[in-house]
Amino acid sequence: MTTQEEFFSPSHDRLLSIAVWAKYLAWVVLVVYLLNAVLQMFQYKVFTDAIELQPNFWQFVRFSPFETFKLAMNMLTTALRGVVSFLVLKGISLGLNMIVETDINYREQEKEAGAQ
Amino acid sequence: MSNEELRRQIRSNLNLKETDELLDIWTINNRASWSDQAFEAIEDILKERGVEIPEQNDPVYKMDEEIAAEETVDDDGLDEWEAKVLDDENQPEFYDTLEVITLKDNISKTLKAVILVNILGGVTIFQWVSGIVGSYFPNRQELRPLLYLIAFIVTALSVAIEIAIVYFPLKALAHILCILMEMEFRSRKGIQPKPLVE
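Here is the structure:
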């Protein structure tokens, strides 16, 4: 790291800080989407209220299997959206780190070639 | 990166491979492609899996095209690459190579889930679309098969577009990460530069 620090420029710092933000944001996004998916489960109450049914989840499942399927698909889609966003942000973070690493490696090699 | 950490990385990467694949690597005994640490890890993994360890061929120190073809397992031809990058003692400072490989695997798994969930979700879209199409022709029982056919086509198109919107960017991301890792690997000291596509 000490040798690499010599080659650090503000652009590297910027890229690395974006990479760090993307890395942490990935986790935040994942948690928010997963929470959203879990909270969607309570949408069954809207349905049971509308048909004046006792607000009980198992009664809802028995009464309307297709609505339950729709609810499950909504939950799965939301969770999957979170996973996809997580992977994209993680990928951006790793990609930026790799670009910085590659550039620093080439700068090190250039410096060594110049010294020789 | 410490030696212990490197050994752990090599081991966890090899542990993902099938027993047959590990036996092939063990038997072929290509020392140009695989480090001593990798062979130690393979021996441990095979013992753990209760597999009888066969005798190794004479060690090969030069990788010829035939062996390279045998050891290239992945569709993208990157399996050999991943092992090389993980085996290398000079590990990068800013990222973890294992993390990149794991992310690539997770992307493949997620893509399968995306396809499955979108196809299942097509059932709800079909119900919705057929309701809309049917509302334009009330009390026309004779048109029902045609209406279902139209609803099916619209649903299929919608599902295909939804899959494509996620599938291609994620697939591209996985490839971009592999290419960046390969470029980073080639930029390390002591690595012979070779063309990216041979």
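Protein sequences, first through last, are from chains A and B. Per the numbering used here: the first sequence ends with 142, consecutive numbering throughout. Per the numbering used here: the second sequence ends with 240, consecutive numbering throughout. Yeah, the Cβ is synthetic: ideal placement off N, Cα and C, and Gly gets one too.
(message) Among B:G92, B:D86, B:V127, B:W68, whose alpha-carbon lies nearest the alpha-carbon of D100 of chain B?
(response) Numbered from its first residue, the second sequence carries residue 100 of chain B at position 58. Of the candidates B:G92, B:D86, B:V127, B:W68, the one whose C-alpha sits nearest the C-alpha of D100 of chain B is B:W68.
(request) For the region 170–201 of chain B, list the beta strand (DSSP E) runs that are entirely contained and at least 3 residues long, ordered along the chain. (result) As far as the region 170–201 of chain B is concerned, it has no whole beta strand (DSSP E) run of at least 3 residues.
(request) Use the C-beta contact count for T197 of chain B: other C-beta atoms within 10 angstroms, 16 or more gives buried, fewer gives exposed. (result) Mapped onto the second sequence, residue 197 of chain B falls at position 155. Classification of T197 of chain B: buried, given that the 10 Å Cβ count is 16 or more.
(request) For the alpha helix (DSSP H) holding Y242 of chain B, just list the boundary residues, first then last. (result) With chain B running from 43 to 240 in the structure shown, residue 242 of chain B is simply not present.
(request) Show which residues of chain B have a CB atom less than 8 Å away from the CB atom of T128 of chain A. (result) On the first sequence, residue 128 of chain A is found 102 positions in, with the first residue counted as 1. The answer, in chain order, is L222, M225, E226, S229.
(request) Return the first residue and the last residue of the alpha helix (DSSP H) that Q135 of chain A is part of. (result) On the first sequence, residue 135 of chain A is found 109 positions in, with the first residue counted as 1. Q135 of chain A: member of the alpha helix (DSSP H) spanning 91–141, first to last residue.
(request) Can you pull the chain B residues whose beta carbon is under 7 Å from the beta carbon of Q135 of chain A, in chain order? (result) Looking up residue 135 of chain A in the first sequence gives position 109. Within chain B, the residues near Q135 of chain A are K231.
(request) Using 10 angstroms around the beta-carbon of V55 of chain A, count the other beta-carbons present and answer buried if the total reaches 16, otherwise exposed. (result) Here residue 55 of chain A is taken as the residue at index 29 of the first sequence, counted from 1. With 16 or more other Cβ atoms inside 10 Å of its own Cβ, V55 of chain A counts as buried.
(message) Applying the 10 Å Cβ sphere with the 16-neighbour rule, what's the burial state of P96 of chain B?
(response) Walking along the second sequence from the start, residue 96 of chain B turns up at place 54. When all chains shown are included, P96 of chain B counts as exposed.
(request) Look at the alpha carbon of W47 of chain A and the alpha carbon of S35 of chain A, and state the distance between them as a whole number of angstroms. (result) Position 21 of the first sequence, counted from the first residue, corresponds to residue 47 of chain A. Position 9 of the first sequence, counted from the first residue, corresponds to residue 35 of chain A. The straight-line gap from Cα to Cα measures roughly 19 Å.
(request) State yes or no: is the C-beta of G121 of chain A within less than 8 Å of the C-beta of L140 of chain B? (result) Counting from 1 along the first sequence, the entry for residue 121 of chain A is found at position 95. Counting from 1 along the second sequence, the entry for residue 140 of chain B is found at position 98. In terms of Cβ geometry, G121 of chain A and L140 of chain B do not form a close pair [threshold 8 Å].
(request) Pull up the distance between the alpha-carbon of P91 of chain A and that of V72 of chain A, whole angstroms please. (result) One-based indexing of the first sequence puts residue 91 of chain A at position 65. One-based indexing of the first sequence puts residue 72 of chain A at position 46. Going by the C-alpha atoms only, they are around 15 Å apart.
(request) Quick one: residues in its chain with C-beta nearer than 8 Å to the C-beta of A105 of chain A, no 5 flanking neighbours on either side, listed in chain order? (result) The residue labelled residue 105 of chain A in the question sits at position 79 within the first sequence. Closer than 8 Å at the Cβ level, and outside the excluded window around A105 of chain A, lie Y59, L60, A63.
(message) Nearest by alpha-carbon distance to R230 of chain B: which of B:I174, B:I167, B:Q133 is it?
(response) Here residue 230 of chain B refers to the residue found at position 188 when the second sequence is read from its first residue. Selected option, being the one with the closest Cα: B:Q133.
(message) Rounded to whole angstroms, what is the Cα-Cα separation between N160 of chain B and T103 of chain A?
(response) As a position in the second sequence, residue 160 of chain B is number 118, starting the count at 1. As a position in the first sequence, residue 103 of chain A is number 77, starting the count at 1. So the two alpha carbons sit approximately 8 Å from each other.
(request) Check whether the Cβ atoms of K125 of chain A and L65 of chain B lie closer than 8 Å to each other. (result) For this step, residue 125 of chain A is matched to residue 99 along the first sequence. For this step, residue 65 of chain B is matched to residue 23 along the second sequence. This sequence places Ile at residue 125 of chain A; Lys is not what is there. Not a contact, by the Cβ cut-off of 8 Å.
(request) List the whole-angstrom C-beta distance separating L212 of chain B from T152 of chain B, where the pair is believed to meet the contact cut-off of C-beta under 8 Å. (result) Translated into the one-based positions of the second sequence, residue 212 of chain B becomes position 170. Translated into the one-based positions of the second sequence, residue 152 of chain B becomes position 110. Indeed, because the Cβ distance is near 7 Å, the residues count as touching under 8 Å.
(request) Count the other C-beta atoms from every protein chain shown that fall within 10 angstroms of the C-beta of S119 of chain A, then say buried if there are 16 or more, exposed otherwise. (result) Taking the first residue of the first sequence as 1, we reach residue 119 of chain A at position 93. When all chains shown are included, S119 of chain A counts as buried.
(request) Measure from the C-beta of L60 of chain A to each C-beta in chain B and report whether the shortest distance is under 8 Å. (result) Numbered from its first residue, the first sequence carries residue 60 of chain A at position 34. Chain B, which has no Cβ nearer than 8 Å to the Cβ of L60 of chain A, makes this no.
(request) Could you tell me which of B:D138, B:R53, B:I143 sits nearest to E127 of chain A, measuring between CA atoms? (result) Counting from one through the first sequence, the residue named residue 127 of chain A turns up at place 101. Nearest option by C-alpha distance: B:D138.
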